[in-house]
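Here's the structure we're looking at; comments come further down.
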Amino acid sequence: MCSITALLNRSAEDPRDRQLVLEASLCQRHRGPDWSGIREHPGAVIAHERLAIVDVLSGAQPMVDAETGTVLAVNGEIYNHQDIRKGPLSEGYAYQSGSDCEVILALYRSEGAGLVQHLSGMYAFVLHDPAKDHWVIARDPIGIIPLYYGTDGEGRLWVASEMKAIVPHCDDVRLFPPGHVWEKGQEAPVKFYERDWMAGELPSTPYVPQELQDALTDSVRKHLMGDVPYGLLISGGLDSSVIAAIAMRHAARRVDDEGDTEAWWPRVHSFSIGLDGSPDLAAAAEVAEAIGTVHHGLTFTIQEGIDALSEVIRHIETYDVTTIRASTPMFLMARKIKAMGIKMVLSGEGADELFGGYLYFHMAPDAREFHEETVRKVLGLHQYDCARANKSMMAWGIEARVPFLDREFIDYAMSLDPTVKMGGEGKLEKAVIRRAFEGFIPDNILYRQKEQFSDGVGYGWIDGLRDLAEAEVTDGEMERAAIRFPIHPPATKEGYFYRRIFEEHFPSAAAAATVPGGKSVACSTEKALEWDARLQNNIDPSGRAVGGIHNDAYGD
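Throughout the sequence shown, residue numbering follows numbering that gives the first Met the number 0, covering 0 to 555 in sequence.
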């Protein structure tokens with residue numbers, strides 16, 4: 000994981016441009032503390048801050064095709080790079096490194112912008128072909144990796160991994176949409192990730208527990224690719240525990256050489272965080288003991304979390320209430336993980352969206368509405384959980400990998416008949432995952448009720464944030480909220496408090512517009528609000544706040 004910064008569509012060379020791009024790139028150096036690189040051509044300046052995970056010694060960027068001069072900067076990982084190297088699409092290309100990202104240069108020769116159809120991984124990249132004065136920009140199908148773009152007063156295009164790098168230069172700043180690719184000459188990014196499960200047809204693939212187990216195992220194994228020490232995030236809930244358990248079954252051998260050699264770091268460390276006495280800490284410790292990791296249960300205080308809020312909002316670049324609540328303990332945990340020399344972790348994001356794991360899904364009236372809500376949740380992940388996991392960890396130079404959001408696994412999971420995802424009698428959320436991984440983790444964890452991360456770290460955390468906001472924001476300010484913040488006015492004092500901090504870091508209207516807006520609710524869409532009156536009357540996104548669901552979700 001790294002950062003990229005690019006200035007494209009230069010009409011004339013300006014000696015100041017290189018320095019401007021260097022300064023913008025420096026704003027993102029937390030994402031890539033290991034090395035910096037920059038390339039300048041008449042049409043483009045591209046900079047890169049590297050976090051070295053694969054091919055640590057020779058994989059520096061921006062990369063250059065030695066024959067054509069094409070320049071490439073990538074943030075992310077290409078998990079199928081070995082297959083691409085061995086395949087026909089790489090014929091004629093002389094690889095200069097072992098970097099997984101170099102396959103993009105090889106594919107560009109034969110496939111042009113169509114190369115994105117051949118990539119399996121998490122990525123955002125900028126490619127500039129000086130011989131043709133052409134560029135290509137792309138972002139992975141779900142948006143695991145962040146990417147922003149905007150135009151300056153001279154009509155030049157800026158691209159960066161984080162908004163903070165380009166917002167000082169641009170009149171407008173926008174999220175680059177996931178699953179899109181953009182070539183010079185096109186008016187806007189073009190969607191390349193299209194699937195039947197998005198189109199309204201109800202999926203019908205039957206559920207076979209072993210098939211789900213095999214599919215997720217394949218994904219986890221791919222995500223162990225790397226040449227540096229890695230760790231496992233275990234919240235104590237189902238999703239992260241299953242990912243960690245699978246990883247430990249493959250931790251003894253290196254996946255980069257098909258398991259021919261022993262792992263370079265055979266002792267795997269796992270991490271959890273919470274307030275002292277939180278439910279997540281106890282559950283995570285039990286999982287770690289069962290699967291055999293060296294576990295670190297980290298604690299934080301409410302005051303430590305409050306002290307970090309401004310820095311968290313600056314890094315995460317949002318004022319979304321749920322995201323900030325969950326990002327803060329993750330941000331604090333990342334700093335301690337960094338201190339131990341670990342550069343990559345596996346995490347469990349995505350399962351709730353793929354399988355309808357949030358408690359309000361119990362209210363879905365039928366399989367169609369259940370499925371349509373999972374589609375909306377999956378396609379919105381880039382603005383919520385993906386942004387949280389990526390930016391809170393990358394604030395300290397740690398790469399978060401999310402096996403549930405592997406392209407192939409997403410396509411499998413979203414093709415399943417939604418009727419089986421609904422849990423059947425008893426309404427056990429994510430029952431299909433639980434049945435597929437019986438025996439992998441202790442039963443009381445396997446069948447533990449859903450806790451949102453910001454709840455599971457300790458209910459006192461959310462209560463403390465609400466109390467702080469109540470003291471900091473007056474009733475009069477709330478009455479004038481729509482005047483002070485005309486873009487997505489906050490609905491609660493907590494939301495107002497975060498919005499005020501966000502404005503201190505990002506005062507422009509363009510920056511505010513990059514954050515998803517609307518009423519903060521425990522579900523994702525107005526459509527889901529029709530399912531039950533309890534959702535319509537709730538403006539707090541905490542899972543426990545959905546009255547009557549958190550405690551009686553399993554039926555009588």
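For every residue, glycine included, the Cβ atom is placed at its ideal position computed from N, Cα and C.
Only a predicted model underlies this, so the values are computations on that prediction, with no experimental measurement involved.
Item to check | Beta-carbon proximity of Lys342 to Val431, cut-off 8 Å | outcome: It is not a contact, given that the beta carbons lie outside the stated cut-off.
Checklist entry - Quick one: is Ala521 buried, meaning 16 or more other Cβ sit within 10 Å of its Cβ, or exposed? => result Only weak support is given to the placement of Ala521: the predicted model assigns it a pLDDT of 47, under 50, and the value that follows is read from those uncertain coordinates. When all chains shown are included, Ala521 counts as buried.
Checklist entry - In whole angstroms, what separates the C-alpha of Gly199 from that of Pro140? => result If I take the Cα positions, the gap works out to 18 Å.
Next on the checklist: Taking 8 Å as the threshold (beta carbon to beta carbon), is Ala388 in contact with chain C?
Outcome noted: Of the chains in the structure shown, none is chain C; there is only one protein chain.
Item to check | Gly631 - DSSP class collapsed to helix/strand/coil | outcome: Past the boundaries of the shown model lies residue 631; the chain is included only from 0 to 555, so the question cannot be answered.
Item to check | Per DSSP, the bridge partner or partners of Lys190 | outcome: Looking at the DSSP assignment, Lys190 forms a beta bridge with His179.
Checklist entry - Is Ile45 closer than 8 Å to Val70 when the C-beta atoms are compared? => result In this structure, Val70 sits near Ile45, with a CB-CB distance shorter than 8 Å.
Item to check | Closest residue to Trp530 among Ala282, Gly475, Leu7, Ala366 (Cα-Cα distance) | outcome: The shortest C-alpha separation from Trp530 is found at Ala366.
Checklist entry - Just curious, the beta strand (DSSP E) that Tyr147 is in, first and last residue? => result From DSSP, the beta strand (DSSP E) with Tyr147 extends over 147-150.
Checklist entry - Straight-line CA distance for Asp171 to Ala508? => result One C-alpha to the other measures close to 9 Å.
Checklist entry - At a cut of 8 Å, does the segment 147-154 reach the segment 349-358 through at least three beta carbon pairs? => result Between the segment 147-154 and the segment 349-358, the count of Cβ pairs shorter than 8 Å is below three; the stretches do not touch.
Item to check | beta strand (DSSP E) runs contained entirely in the segment 319-357, provided each spans 3 or more residues | outcome: As far as the segment 319-357 is concerned, its whole beta strand (DSSP E) runs of at least 3 residues are 343-345.
Next on the checklist: Assuming contact is defined by CB atoms lying nearer than 8 Å, are Leu215 and Pro402 in contact in what I supplied?
Outcome noted: Yes, the pair counts as a contact, with Cβ atoms nearer than the cut-off.
Item to check | Delimiting residues of the beta strand (DSSP E) encompassing His294 | outcome: Segment 293-298, the beta strand (DSSP E) holding His294.
Checklist entry - Using CA coordinates, which residue listed in Cys26, Leu6, Val55 is at the minimum distance from Glu39? => result Proximity to Glu39 across Cys26, Leu6, Val55 peaks at Leu6, based on C-alpha coordinates.
Next on the checklist: I need the straight-line Cα distance from Ala470 to Leu308, nearest angstrom please.
Outcome noted: For Ala470 and Leu308, the distance between alpha carbons rounds to 16 Å.
Checklist entry - If you drop the 5 nearest sequence neighbours on each side, which residues of the same chain put their C-beta closer than 8 Å to that of Asp306? => result Cβ neighbours of Asp306 within its own chain (closer than 8 Å, five residues either side excluded): none.
Checklist entry - What first and last residue would you give for the beta strand (DSSP E) that runs through Thr4? => result Looking at the DSSP string, the run of the beta strand (DSSP E) that includes Thr4 is 1-7.
Next on the checklist: On the criterion of 16 or more Cβ atoms from any shown chain inside 10 Å, does Glu503 qualify as buried, or is it exposed?
Outcome noted: Classification of Glu503: exposed, given that the 10 Å Cβ count is below 16.
Checklist entry - Using 8 Å as the Cβ pair cut-off and three pairs as the minimum, do the segment 320-330 and the segment 388-401 touch? => result Yes, the segment 320-330 is in contact with the segment 388-401.
Checklist entry - So what does Ile52 bridge to, in DSSP terms? => result In DSSP, Ile52 forms no bridge with anything.
Checklist entry - Contact check, Ser35 vs Tyr78 under 8 Å by CB: the rounded distance? => result Taking 8 Å as the upper bound for CB-CB distance, Ser35 and Tyr78 are not in contact here, some 25 Å apart.
Item to check | Whole-angstrom distance between Thr300 and Gly459, CA atom to CA atom | outcome: Approximately 10 Å, taken between the alpha carbons.
Item to check | For Phe436, three-class secondary structure by DSSP | outcome: Residue state, collapsed to three classes: coil.
Checklist entry - Between Gly517 and His314, what straight-line distance do the alpha-carbon atoms span, to the nearest angstrom? => result Note that Gly517 has pLDDT 47, beneath the 50 cutoff, so the model's placement of it is unreliable and the number below is only indicative. Approximately 22 Å between the Cα atoms of the pair.
Checklist entry - Buried or exposed: Asn74, going by 16 or more other Cβ atoms within 10 Å of its Cβ? => result Result: buried.
Checklist entry - So who's on the other strand from Thr204, going by DSSP bridges? => result Paired residues: Leu415.
Item to check | Run of the alpha helix (DSSP H) containing Val102, from where it starts to where it stops | outcome: Under the DSSP assignment, Val102 falls in the alpha helix (DSSP H) whose first and last residues are 102-110.
Next on the checklist: Below 8 Å on the Cβ atoms is my contact criterion, and I expect Tyr383 with Asp279 to pass it. Report the Cβ-Cβ distance as a whole number of Å.
Outcome noted: Contact between Tyr383 and Asp279 does not hold, since their C-beta atoms are separated by about 19 Å, which reaches or exceeds 8 Å.
Next on the checklist: Check for me: the alpha helix (DSSP H) holding Asp171 runs from which residue to which?
Outcome noted: Per DSSP, Asp171 belongs to no alpha helix (DSSP H); it is in the beta strand (DSSP E), 171-174.
Item to check | Segment limits, beta strand (DSSP E) that includes Trp460 | outcome: DSSP places Trp460 outside any beta strand (DSSP E); the residue lies instead in the alpha helix (DSSP H), whose first and last residues are 458-471.
Checklist entry - Near Gln27, which residues of its chain fall below 6 Å by C-beta distance, leaving aside the five closest residues on each side in sequence? => result Same-chain partners within the cutoff: Ser2, Glu48, Ser160, Glu161, Ala164.
Checklist entry - Cα-Cα, which of Thr418, Met477, Phe501 is closest to Thr204? => result The shortest Cα separation from Thr204 among Thr418, Met477, Phe501 belongs to Thr418.
Next on the checklist: So for Leu237, helix, strand or coil by DSSP?
Outcome noted: It is helical.
Checklist entry - Rounded to a whole number of angstroms, what is the C-alpha to C-alpha distance between Lys337 and Trp395? => result Going by the C-alpha atoms only, they are around 6 Å apart.
Item to check | Gln209 versus Val374: straight-line alpha-carbon distance, rounded | outcome: So the two alpha carbons sit approximately 24 Å from each other.
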